[in-house]
Amino acid sequence: MLEQSGFVDVEIGSAVDTFADAGGEDKARLFQVYGYPFLARKPG
141 MLEQSGFVDV EIGSAVDTFA DAGGEDKARL FQVYGYPFLA RKPG
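When the letters of the sequence shown are read in order and numbered with the working numbering, they come out as residues 141 to 184.
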């Protein structure tokens, strides 16, 4: 989607547990919910 929006040099990092110590952590782990850092550049 980023590339379709005109971004280039798209990089996606490793999965991060964004629900650590949160109230819904058990459910997030059950459904394998993770956050992913990304970096992209829009030319111009």
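Here a beta-carbon is modelled for each residue, glycine too, at the ideal position from N, C-alpha and C. Fair warning: this is a prediction, and the values are worked out from it, not measured in the lab.
Contacting residues, own chain, Cβ-Cβ under 8 Å from residue i (five flanking each side not counted)
i: G146; result: K182 and P183
i: A155; result: Y174, G175 and Y176
i: V148; result: A180, R181, K182 and P183
Nonlocal neighbours in the same chain, by C-beta distance under 6 Å from residue i, ignoring five residues either side
i: L142; result: V150 and A180
Own chain, CB closer than 7 Å to residue i, minus 5 neighbours either side, in chain order
i: F159; result: E165, A168 and V173
i: D157; result: Y174
Cβ distance (whole Å) where residue i is taken to contact residue j below 8 Å
i: F178; j: I152; result: 5 Å
Can you check the stretch 148–178 for any beta strand (DSSP E) of at least 3 residues that lies completely inside it and give the ranges in chain order?
The stretch 148–178 contains these whole beta strand (DSSP E) runs: 148–152.
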